Structures are given as structure tokens and as C-alpha cells.
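Residue numbers (our numbering): -15 to 312.
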């Protein structure tokens, strides 16, 4: 707490001088939490370890030998799952506490090693042949089981990614816009279906009280996939009669959901995608381009109004989301 606040409270007689000194002493000597910093470092450590292992294999594959590489990866993978199985909490449909500070990271490492092992076997020995769908289906099934059995949202994210890959969609942040052919109607419709399924799983988890804490992970994937697929159907496939109503309904639903849950994140996501759709529609209007200067003024007014709306939203978001001075 800032010293001037303590002085002000003391001056107004709300606290005594002794209380002011006690509070100041506590604030200056209390421990500083490194919880999220340490979690970030541990996650980065797991990722960097996998990257380093991949580079080591690539750089020394001729000298190490395939059998040694496969054996080493399999040993690490089995050791990770053995550790987490031995230290697991009893199964519950509710959120469970991790058995140790390293539990979640060891399990995540085991999942990533499983993917590396499967990918290496496929690359070197083509164990699945050309049945690439099977190569995605096996880790998808495995990771869904791991996620629910060990209560791990990281494994759930891997399972959803594998599910999307099995359906032919890339859903990682780096690939969702670059490595999907949204000009292919099959990809677009698959994306819409997958988005609806993931959102339905999220609401079912909340409604039935089965792994309610998984709902955000399902919904986070579902909302982005559904909106991006719908925008692609509107802009690229140009099936307005289907995708425009779908976008309107999706936006309205998630705005309602965000207000109901007081979620700033889902409100912002819904507004961003709806703004993209609205801007596209504005530019698709068959204007009389002989209007010249008047058209420039219109577009300028549109973007100025948009900026003003953003500012108003940032100033009034607590009222809009019905947050009564509570922190998200």
C-alpha cells in the first residue's frame, strides 16, 4: 500500500499512527509471490527441453542410431507417466489439486514425448503408412483419456488440437490462419461443426458439473474456430444466407454469455470478430464511387465512430458486464 494512502487514512482518523506503522511494516516486508513467474519458467523449460531433444536427434541421428533414440524417448515418456500415475490424486469429476509443484509439468512432458515418439516412428518406419488420420486419432484418444484421468488442461488442449488435426484443421495460433485452406468448403463446414461441438462440450461440462474447469479450454478453442470458419464462409465462400445469420447468432450468444459470466475475455473476442464482419459488410456495399469525397467522409466517420465505441466500452465495461467492483 502506498505511503500517502496511509498518511491520508491516518489524517482522517480512520486508522491510528500505530496501525499505520504496522501496515507499512507489513507491506514492505511481506513475501513477493513468484507463482506465475515460476509456472511460466517451468512451462518454457518443458518446451525448450523438447526442442533441444528434437535438435539433438536431428543433428546426431547418424551417430546415435534409431534404436537408441526410440529407446531414450520411450524411457522418458514411460518415466513421466509412471511418476504421475504414482502421485495422482483420486479421480474426481471436480478439480483436483496437483500432488506436487512439478506434477503438471512432468505429465505435460510425457504427453509431448509421446507425440515425438509417434512422429519419429512414423517418419522413420511409416508405421501408419499413408493412414495419416490414424496418426492423429491415436494421440487424440490417448490425450482425452489422460486429460480426464489426471485432470490436466494442458493434455486437454493437446487432445483438442489432435481432434482438429484428425478432422483436417490446424488450430494452433501460428497455423490457424496460415495452414488452413478456407477456400475449401469442406474445411469451412468442418470448422463450423467442430466449433459448435467444442462449445457444446463446454456448456455440457458446466451444466452437468463434470470437469467444469475444462469448460474454458473447450470454449476458448470453440469460439475462435467457429468465428473464423463463419467469417471464411461469409468472405470467401460468400454464402451470406447461411453465414451472416450464423455470425449474428454467435455474436449475440457470446455477448449474452460474457455478460452472464462477467467475462471480459469472451466479450472482447465476440466484439472483435463481429467488428471484422461488420467492416467487411460495409465495404461490400455497392457504393456509387462517383461520390468521391463524400465516400471518404463516410469511411472516416465509420472508423472514428468505431474508435469512440471502443473507448466507451473500455470506460464502461464493468457496467456492461455487470461487474460490481470485483476483479476478474
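Glycine included, every Cβ here is placed at the ideal spot set by N, Cα and C.
Please read all numbers here as calculations on a predicted model, not as lab measurements.
Take residue i and list the residues in its own chain whose beta-carbon comes closer than 7 Å to its own, dropping the five residues that flank it on each side.
{"i": "residue 286", "result": "266"}
{"i": "residue 261", "result": "215, 218 and 231"}
{"i": "residue 309", "result": "With a pLDDT of only 48 at residue 309, under 50, the local geometry of the prediction cannot be trusted, and the value read off the model is given with reservation. No residues qualify anywhere along the chain."}
{"i": "residue 307", "result": "246"}
Answer with buried or exposed for residue i, where buried requires no fewer than 16 other C-beta atoms within 10 angstroms of its C-beta.
{"i": "residue 93", "result": "buried"}
{"i": "residue 47", "result": "exposed"}
{"i": "residue 290", "result": "exposed"}
{"i": "residue 24", "result": "exposed"}
{"i": "residue 251", "result": "buried"}
{"i": "residue 170", "result": "exposed"}
{"i": "residue 203", "result": "buried"}
{"i": "residue 270", "result": "exposed"}
{"i": "residue 195", "result": "buried"}
{"i": "residue 295", "result": "exposed"}
{"i": "residue 311", "result": "For residue 311, the predicted model reports a pLDDT of 40, less than 50, meaning its position is unreliable; a value from the coordinates is still stated below. With fewer than 16 Cβ atoms within 10 Å of its Cβ, residue 311 is classed as exposed."}
{"i": "residue 293", "result": "exposed"}
{"i": "residue 189", "result": "buried"}
{"i": "residue 135", "result": "buried"}
{"i": "residue 123", "result": "buried"}
From which residue to which residue does the alpha helix (DSSP H) around residue i run?
{"i": "residue 220", "result": "From DSSP, residue 220 is part of no alpha helix (DSSP H); its letter is neither H nor E."}
{"i": "residue 88", "result": "87 to 109"}
{"i": "residue 262", "result": "248 to 268"}
{"i": "residue 126", "result": "116 to 134"}
{"i": "residue 138", "result": "137 to 150"}
{"i": "residue 332", "result": "As shown, the chain starts at -15 and ends at 312. That puts residue 332 outside it, with no answer to give."}
{"i": "residue 169", "result": "169 to 192"}
{"i": "residue 83", "result": "Here residue 83 belongs to no alpha helix (DSSP H), and DSSP marks it neither H nor E."}
{"i": "residue 65", "result": "50 to 70"}
Which residues in the same chain as residue i place their Cβ atom closer than 6 Å to its Cβ, once the five residues preceding and following it in sequence are excluded?
{"i": "residue 142", "result": "95 and 127"}
{"i": "residue 130", "result": "139"}
{"i": "residue 239", "result": "254"}
Using a Cβ-based criterion (distance less than 8 Å to any ligand heavy atom), does residue i qualify as near the ligand ATP?
{"i": "residue 238", "result": "You won't find the ligand ATP in this model; it holds no ligand whatsoever."}
So is residue i in contact with chain D if we call contact Cβ pairs under 9 Å?
{"i": "residue 66", "result": "The chain labelled as chain D is not found in the depicted structure, where only one protein chain is given."}
Spatial neighbours of residue i within its chain, please: C-beta separation below 8 Å, excluding the five flanking residues on both sides.
{"i": "residue 33", "result": "93"}
Pair every Cβ in the region 229 to 248 with every Cβ in the region 96 to 115, then say whether three or more of these pairs are closer than 8 Å. no
Inspect the CB distances between the region 103 to 111 and the region 72 to 88 and report whether three or more fall short of 8 Å. no
Three-pair Cβ contact test at 8 Å for the region 61 to 78 versus the region 178 to 187: no
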